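Here's the structure, in structure tokens; my notes come after.
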Amino acid sequence: MTDSAASQLTAPSSAEPTVDGNRLWARLMAMAEIGRRGETGVDRPAFSSEDRAARRLLYEWACECGLEVSQDAIGNLFLRYPGRRRDLAPVLTGSHLDSQPTGGRFDGAYGVLASLEAVATLSGAGIRPQRSIEVVAWSNEEGGRFAPGAMGSQIFAGLRSLSDLLPLRDASGATLRESLSDTLAALPEAAIRSSSAPPAAYLEAHIEQGPRLYREEIPVGVVSGIQGCLWLEYEVRGVAAHAGTTPHEYRRDALEGAVRLIGQLRSRCLERSADCRFTVGRLNVEPNTPNTIPGCVTFTIDFRDADPAAFDELGRELREAAAPESFGLDIRELFRHSPEMFPREIVGVVAAAAQTHHYRVLELVSGAFHDALFIANICPAGMIFIRCRDGVSHNPLEFADPADVTAGAQVLTSALLELSRS
Ligand code: GLV
Ligand code: MN
Ligand code: MN
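So the sequence shown is numbered by my numbering: it starts at 1017 and just counts up by one.
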């Protein structure tokens, strides 16, 4: 833990431009009206009419600020604050505007609007850095409507091809091709850019989505990296049979097999790596009736670890797990990304920015993945966290204190200024 100052002061150093916390908060609340569910919930699926309205609102704010707006073929929206040297690669900063179906007001939108606040602050103070700073709203980070998530940043980083994904359909049968094309067409003012050179650096501000900052009463997190993440789907096959007539010694109950396998894998992971995360988030039982012994069970494992050796070793074991005795087993990998530690020079820039403003900070590894994980493949990347109440996110109750919202944007602004200086 880096505790950069004994107390949390709010007065910034005089040399640094000061963000307008009220303007940022007002924009966050205005954005949260789009797709609002209940008092504080947000449901803004990627490429939906709500997503289009959110993008238009961002576009209008960008115009007020004199930014140059463009979008790429997957709908990533870029707002450029031109630097003095247009020949230099820009510094990129942002997050996403789409939400989970039971999302809140901060996950994603905070990073986009804090980035907008940063460039509005620099512009308002008449500061024009050497490098351009580009605010980005990545398309479809959540993946709730069209999987996989982080689609925009993965395509931008060259990790996935758009043409492979276009035939995807959502639960209602709508294709990504049509929804994306309607989304691009809904903002004709934003020119379509055919390619983007790799940025000089990328910074993303986000709520922590976990409890560490909240528990330790620290407003700002300097993110040192993102833990590795592996998603696997298991299919355990037994034999469906009558629940009343089949004695236990004759059964091949797929749910029993699945439960045994989950128990073994879970114990192995937690014994080998106390800091890993092991989650079975989906379980489908067939035929799923009270009086038939399950013939087939599919379940997913979401496995995470920040330690590359443990991630590789346990990842291999999870992928190569043996079938429980007398059962059939197939294992399919849905997603994998190794742990990513951000370059120390970027972590240092963020820590120094927090120190400039006398914020108490904690250095921590992100438990969730973010667009920054993928952009880190093409340029030096880093993240800034702010604490969120009870560590809760993906929930209408998600909340970040206005003072922390301001603090994160202030740190982001100073760090961007430093990165765009040369
Ligand atoms: C993304 O939200 C994740 O699952 O980490
Ligand atoms: Mn997010
Ligand atoms: Mn999220």
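Just so it is clear, CB atoms sit at the ideal spot from N, CA and C, and this is done for glycine as well. Please read these numbers as outputs of a predicted model, since none were measured by experiment.
Pairwise C-alpha distance: residue j and residue i
i: E1049; j: E1080; result: 20 Å
i: R1193; j: C1245; result: 28 Å
i: V1035; j: Q1243; result: 31 Å
i: I1278; j: N1411; result: 27 Å
i: E1356; j: A1397; result: 10 Å
i: S1289; j: E1150; result: 39 Å
i: Q1146; j: M1045; result: 32 Å
i: A1256; j: L1345; result: 15 Å
i: L1083; j: H1222; result: 22 Å
i: R1332; j: P1340; result: 17 Å
i: H1374; j: S1409; result: 27 Å
i: I1208; j: A1216; result: 21 Å
i: P1306; j: G1260; result: 10 Å
i: S1020; j: S1240; result: In this prediction, S1020 has a pLDDT of 38, which is less than 50 and means its spatial position is unreliable; nothing more can be read from the coordinates.
i: F1172; j: L1129; result: 20 Å
i: Q1225; j: P1235; result: 13 Å
i: L1435; j: I1362; result: 9 Å
i: R1405; j: G1237; result: 14 Å
i: G1168; j: H1112; result: 9 Å
i: D1198; j: F1063; result: 8 Å
The alpha helix (DSSP H) enclosing residue i, as first and last residue numbers
i: G1424; result: 1418-1435
i: A1130; result: 1125-1140
i: G1364; result: 1360-1372
i: G1168; result: 1167-1172
i: S1179; result: 1178-1181
i: A1042; result: 1037-1048
For residue i, the nearest candidate out of the options (CA to CA)
i: A1070; options: S1289, I1347, S1155; result: S1155
i: H1258; options: S1210, V1239, E1272, P1310; result: P1310
i: D1291; options: F1327, A1367, E1055; result: F1327
i: Y1097; options: T1137, G1124, L1182; result: T1137
i: L1040; options: V1421, D1318, R1052, G1124; result: V1421
i: R1348; options: P1235, V1365, G1364, T1314; result: T1314
i: Q1170; options: F1162, L1182, E1157; result: E1157
i: P1183; options: A1338, S1177, T1191; result: T1191
i: T1308; options: R1267, R1060, Q1280, L1286; result: R1267
i: A1089; options: S1179, G1051, F1122; result: S1179
i: L1443; options: D1059, G1110, R1101; result: Outside the modelled stretch of the chain, which goes from 1017 to 1438, sits residue 1443, for which no answer is possible.
Neighbour flag for residue i against chain D, beta carbons, 9 Å
i: Q1116; result: No chain D appears in this structure, which consists of one protein chain only.
Extent of the continuous beta strand (DSSP E) run through residue i
i: S1111; result: 1107-1112
i: E1349; result: 1344-1353
i: S1382; result: 1377-1382
i: F1401; result: 1397-1402
i: I1391; result: Note, I1391: premise wrong, no beta strand (DSSP E); alpha helix (DSSP H) at 1387-1391.
i: E1055; result: No beta strand (DSSP E) contains E1055, which DSSP labels as neither H nor E.
i: S1439; result: Missing from the structure shown is residue 1439; the chain here goes from 1017 to 1438 and no further.
Which of helix, strand or coil DSSP assigns to residue i
i: F1063; result: coil
i: F1094; result: strand
i: L1184; result: coil
i: A1078; result: helix
i: H1264; result: helix
i: L1413; result: coil
i: L1330; result: helix
i: A1031; result: coil
i: L1271; result: helix
In chain order, what residues have a CB nearer than 5 Å to some heavy atom of ligand 4? Of the ligands this structure carries, namely ligand 1, ligand 2 and ligand 3, none is ligand 4.
As an exercise, report each continuous beta strand (DSSP E) stretch of at least 3 residues that is fully enclosed by the stretch 1191-1243, in chain order. 1217-1223, 1236-1242
Quick check on the DSSP output: what are the complete alpha helix (DSSP H) runs of length 4 or more inside the stretch 1276-1328, in order along the chain? none
Considering only residues of the stretch 1143-1167, which uninterrupted beta strand (DSSP E) runs meet the minimum length of 3 residues and lie entirely inside it, listed in chain order? As far as the stretch 1143-1167 is concerned, its whole beta strand (DSSP E) runs of at least 3 residues are 1149-1154.
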